[in-house]
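Below: one structure, written as structure tokens.
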Amino acid sequence: MSFGGASYLYLAAAIVSEVIGTSALKASNEFTRPVPTMIMLAAFLSAFYFLTLTLRTIPVGVAYAIWSGVGIVMISIIAARCAGHSGHGADRGGRAGDQPVLKIDGALKKSVILGRSAAQSPESPAGRNARASSA
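Plus 361 on top of the position in the sequence shown (first one is 1) and you've got this note's numbering.
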């Protein structure tokens, strides 16, 4: 299964845009600060635009798993460096660091489930290839 290199560049742009939007969302102070609010809106719009370009060739399960995993890591690093957040669940009553791990685990499980169901679909390239090879 090969995907075009441009698709991964689009996915990278989508992830970076989403991380910028998430950071600006925090800075918008519940939409009361106009500049961070406008940055957030522009960033989220561009993130979803680039995601639509990505989905031309990369299956949604794969794209979502990469988006979720890389996005969680990036926003956790930014929060730790810039905002002084620990990123650990211990300050909210959980075990240290369990939320990012659980989110990445959930994203990977969704990717496997979505990827498997897409591969079994007769409309998918994998399904068409399976039919063609058995004929």
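Backbone N, C-alpha and C fix where the C-beta goes; we use that ideal spot for every residue, glycine too. If you're wondering where the values come from, they're calculated on a predicted model, not measured in any experiment.
Next item on the list: Rounded to whole angstroms, what's the CA-CA distance from Val431 to Arg394? Just pull it up for me.
Entry: Counting from 1 along the sequence shown, the entry for residue 431 is found at position 70. Counting from 1 along the sequence shown, the entry for residue 394 is found at position 33. Cα to Cα, the separation comes out at about 28 Å.
Item checked: Whole-angstrom distance between Asn390 and Tyr371, CA atom to CA atom -> Within the sequence shown, residue 371 is the residue found at index 10, counting from 1. Within the sequence shown, residue 390 is the residue found at index 29, counting from 1. Going from the Cα of Tyr371 to the Cα of Asn390 covers about 29 Å.
Next item on the list: Check whether the Cβ atoms of Ile439 and Ser378 lie closer than 8 Å to each other.
Entry: Start at 1 with the first residue of the sequence shown, and residue 439 comes out as number 78. Start at 1 with the first residue of the sequence shown, and residue 378 comes out as number 17. Not in contact: Ile439 and Ser378 (Cβ atoms no closer than 8 Å).
Notebook entry, point to check: The alpha helix (DSSP H) with Ala424 in it runs from where to where?
Noted result: Taking the first residue of the sequence shown as 1, we reach residue 424 at position 63. First-last of the alpha helix (DSSP H) with Ala424: 421-439.
Notebook entry, point to check: Looking only at its own chain, which residues have a Cβ that is under 6 Å from the Cβ of Ile400, when we skip the five neighbours before and after it?
Noted result: Residue mapping note: residue 400 aligns to position 39 of the sequence shown, counting from 1. Here the set comprises Ala385.
Note to self: Contact defined as beta carbons within less than 8 Å: I believe Thr418 pairs with Gly365. What is the distance between those atoms, to the nearest angstrom?
What the structure shows: For this step, residue 418 is matched to residue 57 along the sequence shown. For this step, residue 365 is matched to residue 4 along the sequence shown. So it is a contact: roughly 5 Å between Cβ atoms.
Note to self: Helix, strand or coil, according to DSSP, for Ala491 in the structure here?
What the structure shows: By 1-based counting over the sequence shown, the position of residue 491 is 130. The predicted position of Ala491 is uncertain, since its pLDDT is 49 and thus under 50; no value can be drawn from it.
Next item on the list: Grab me the residues of Ala374's own chain with a C-beta within less than 6 Å of its C-beta, minus the 5 sequence neighbours each way, in chain order.
Entry: Taking the first residue of the sequence shown as position 1, residue 374 is located at position 13. Around Ala374: Phe411.
Notebook entry, point to check: Who are the near neighbours of Ile376 in its chain, counting only those whose CB is closer than 8 Å to its CB and skipping five residues on each side?
Noted result: Looking up residue 376 in the sequence shown gives position 15. So the list reads Ala408, Ile427, Trp428, Val431, Gly432, Met435, once near-sequence residues are dropped.
Item checked: Beta-carbon proximity of Thr513 to Phe405, cut-off 8 Å -> The question about residue 513 has no answer here: the residues shown for the chain are numbered 362 through 496.
Next item on the list: Under the assumption that Ala424 contacts Leu414 (Cβ atoms under 8 Å), give the Cβ distance between them as a whole number of angstroms.
Entry: Mapped onto the sequence shown, residue 424 falls at position 63. Mapped onto the sequence shown, residue 414 falls at position 53. Actually they do not touch by this definition, with Cβ atoms about 10 Å apart.
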